[in-house]
Amino acid sequence: MARLRGRGMASVNYPTGMNLGGDPSQALIHATTTGSFVISLSSVDLGQGLKTIMAQIAAETLGVPYGNVMVDTADTDTGPHCMGTFASRATHRVGNAVIMAAKEAREVMMQVAADELEVDPDDLTSDGEGRIHVVGSPEKGIGLVELALAAHFKHGRTISGRGIYMKPKSDVDPETGRMDPDSAQAHACTVAEVEVDDETGEVFVLKLTNVYEIGRAMNPAMAHQQIVGGAWMGISHALYETTEPYYPDRSHGPTDFAGYLMPGPGDLAEMRSAIIERPAKNGPYGAKGIGEMTANSPIPAIANAIFDACGVRVDEMPITPERVLRGLDALRGTPA
Amino acid sequence: MRPSIVSLEVNGSHRDFLVQPGTTLLAALREALGLTATRKGCETGSCGACTVILDGEPVMSCLCLVEPLDGARVETLEGVATGPDELHPLQQAFIDGFATQCGFCTAGMIMAAKALLARNPSPCREDVIVAISGNVCRCTGYAAIIDAILEAAADLRAARPSRAA
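Chains as they are written, first to last, in my numbering: chain D, 113 to 448; chain P, 2 to 166.
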């Protein structure tokens with residue numbers, strides 16, 4: 113009886129966004145009287161970091177500090193339209209809408225600054241730290257608070273902008289089958305190293321090495337954490353999770369977390385991850401989506417590593433000890 | 002069945018409140034006291050999202066009936082921050098180490114970790130894993146959480162060498 117070691121790999125191309133009946137997302141930005149910029153969205157941050165990314169994009173495009181940007185996703189009934197945060201689409205779709213809104217708001221901001229400073233708006237620049245000033249003359253400028261107050265109380269202006277990113281519906285060419293369903297494709301590869309216990313059928317994931325090409329990592333630390341968390345979920349799908357372990361027989365299904373198997377903090381694999389950036393032409397600052405794909409490539413990589421370790425090819429998830437043992441029994445000619 | 006008055010010390014403050022028989026500590030915290038940082042997850046004791054510290058021990062508040070706890074001392078996430086503008090080293094380490102994504106498990110994780118550091122200021126990695134083994138996280142893959150707790154333990158030892166967390 114032994115622990116058999118194996119290595120497997122798998123690659124994935126993952127679409128950013130999907131072909132709906134047209135796939136729009138909209139964003140509105142306005143400045144408050146005190147020079148904060150509020151991005152109104154119906155897009156939802158469910159932990160993936162949407163608010164952080166949108167604030168980064170708006171700050172970069174507006175030319176104001178990140179801390180001056182607030183993201184309001186409070187109400188999908190009253191906010192500007194978003195199709196939703198799914199299909200790894202939010203960074204791309206909503207990010208593009210935020211850029212468009214921020215450009216329009218920046219134009220008004222620079223015009224008001226020009227009126228206040230009695231100069232041409234084309235002669236102005238933003239320092240990214242909260243001041244608009246004449247190019248080459250940092251002392252001739254105006255701070256964001258003063259500027260916003262002037263816009264509201266002197267000029268009667270709203271420093272605001274509208275943004276929409278609209279991916280049109282793509283019909284299928286009946287002759288060729290050709291269509292344009294997504295906006296970009298991200299790529300990933302995982303190499304898994306496992307040990308299989310040939311007596312119990314248990315699989316131990318020792319190490320996952322992941323490489324992701326995601327256009328541009330808008331926030332590298334968050335992208336890295338998404339990869340780590342997704343890889344954990346990939347291990348979980350590959351080896352543990354199911355609501356119907358003997359489908360189509362629905363018996364023995366879990367009814368709560370106690371019976372729904374997942375790897376715990378003691379079952380972690382060693383993880384190494386790298387990000388490669390090849391900016392997408394149509395992505396906001398080159399970004400593609402890295403939402404859902406992080407759970408994908410670990411699964412076939414682990415299945416391949418199990419095959420490499422013990423010769424058993426399991427084509428159903430999860431790859432339970434029972435399935436591995438039945439495969440080993442078939443190979444060894446021992447009764448199941 | 003008549004409601005009764007229960008007294009608890011919650012995050013250092015004395016609190017009296019009226020509860021119906023069978024009310025859990027979790028329900029009392031969230032509904033009677035309005036302390037909603039403590040999350041209601043599975044309500045069967047298998048996810049750990051509702052973990053609070055009861056008389057120094059981490060417990061799943063969904064499994065504790067509150068009436069027999071009269072006079073007990075309860076600590077929730079609302080009481081963890083060191084000051085109005087100063088986070089506890091555990092909270093800071095969770096932020097700095099990206100140890101939270103959707104945030105649903107975070108309150109329970111931090112309370113389980115705080116109880117651990119109170120009884121063991123110098124935990125090894127295995128100690129941390131055991132301490133949070135009753136807490137489910139669905140986003141992070143746990144590694145960042147384990148690292149953050151070890152980081153906070155080191156920070157606390159450096160700041161207060163003679164005192165427990």
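The beta-carbon is built from N, C-alpha and C at its ideal position, and this holds for glycine as well.
State buried or exposed for residue i, treating a residue as buried only when at least 16 other CB atoms are found within 10 Å of its CB.
i	result
P/Thr83	exposed
D/Met113	exposed
D/Asn208	buried
D/Met195	buried
D/Asn125	exposed
D/Phe198	exposed
P/His15	exposed
D/Tyr277	buried
P/Tyr143	buried
D/Ser348	buried
P/Ile111	buried
D/Tyr457	Because chain D spans 113 through 448 in this model, residue 457 of chain D falls outside it and cannot be assessed.
D/Lys266	exposed
Can you list, in chain order, the residues of its chain whose CB lies under 7 Å from that of residue i, leaving out five sequence neighbours each side?
i	result
P/Arg164	Bear in mind that a pLDDT of 49 at P/Arg164, under 50, signals an unreliable position, so the model cannot answer this.
P/Gly46	Met61, Cys63, Leu64
D/Phe316	Val306, Glu307
D/Asp235	Val246, Val247
D/Gly273	Ile141, Ala213, Ala214, Lys215, Glu216, Ala217
P/Gly13	Gly80
D/Pro391	Gly327, Arg328, Gly398
Closest to residue i by CA distance: which of the options is it?
i	options	result
D/Leu174	D/Gly159, D/Leu162, D/Ala186, D/Ser148	D/Ser148
P/Thr107	P/Gly49, P/Val7, P/Arg3	P/Gly49
P/Arg3	P/Leu19, P/Asn12, P/His15, P/Lys115	P/Leu19
D/Thr270	D/Lys319, D/Val220, D/Gly191, D/Leu318	D/Val220
P/Ala29	P/Val75, P/Ala116, P/Ala132	P/Val75
D/Pro127	D/Ser295, D/Pro136, D/Glu311	D/Ser295
P/Pro122	P/Gln93, P/Asp156, P/Ile133, P/Ile96	P/Asp156
D/Leu380	P/Ala153, P/Phe105, P/Ala160, P/Ile146	P/Ile146
P/Arg139	P/Glu68, P/Gly42, P/Gln93	P/Gly42
D/Thr190	D/Asp239, D/Gln138, D/Ser249, D/Ala304	D/Gln138
D/Thr432	D/Leu256, D/Tyr352, D/Ala300	D/Tyr352
D/Ala386	D/Val303, D/Ser348, D/Val436, D/Tyr359	D/Val303
Can you list, in chain order, the residues of its chain whose CB lies under 6 Å from that of residue i, leaving out five sequence neighbours each side?
i	result
D/Glu404	Ser200
D/Gly134	Pro280, Lys281
D/Ala171	Tyr178, Val181
D/Leu443	Gly423
D/Pro396	Ile169, Gly207, Asn208, Ile211
D/Thr188	Ser154
P/Gly135	Gly49
D/Met263	Here residue 263 of chain D turns out to be Ala, not Met, going by the sequence shown. The answer, listed in chain order, is Val224, Arg269, Ile271.
D/Pro357	His364
D/Asn490	There is no way to answer for residue 490 of chain D, as the model of chain D reaches only from 113 to 448.
D/Gly240	Gly175
P/Phe99	Ala145
P/Arg31	Thr37
Using 8 Å for Cβ pairs, my map puts residue i next to residue j. What's the rounded Cβ distance?
i	j	result
D/Val183	D/Leu153	7 Å
D/Gly480	D/Val426	The question about residue 480 of chain D has no answer, for chain D in this structure spans 113 to 448.
D/Ala415	D/Ala350	7 Å
D/Asp157	D/Thr185	6 Å
P/Ala94	P/Ala153	4 Å
P/Ile133	P/Ala114	7 Å
Quick one: what's got a C-beta closer than 8 Å to residue i's C-beta in the same chain, skipping five residues either side?
i	result
D/Met291	Asn131, Ser282, Asp283, Val284, Asp285
P/Leu151	Pro124, Arg126, Val129
P/Ala73	Leu9, Glu10, Leu55, Asp56
P/Cys65	Thr25, Leu26, Leu27, Leu55
Quick one: which chain C residues come within Cβ less than 8 Å of residue i?
i	result
D/Gln337	As a matter of chain content, chain C is missing from the structure shown, whose protein chains are D and P.
I'd like the ranges of any alpha helix (DSSP H) spanning at least 4 consecutive residues and lying wholly in the stretch 244-305 of chain D.
Here the runs fully enclosed are 256-265.
Complete runs of the beta strand (DSSP E) confined to the stretch 334-368 of chain D [at least 3 residues]
Segments of the beta strand (DSSP E) lying fully in the stretch 334-368 of chain D: there are none.
What alpha helix (DSSP H) runs, 4 residues minimum, are completely inside the stretch 148-236 of chain D?
Complete alpha helix (DSSP H) runs here, min 4: 162-174, 202-229.
Please go through the stretch 395-444 of chain D and give each complete alpha helix (DSSP H) segment of 4 or more residues, from N-terminal end onward.
If we require 4 residues or more, the alpha helix (DSSP H) runs fully inside the stretch 395-444 of chain D come out as 410-422, 433-444.
Going along the chain, which unbroken runs of the beta strand (DSSP E) with 3 or more residues stay wholly within the stretch 120-148 of chain D?
Here the runs fully enclosed are 135-143.
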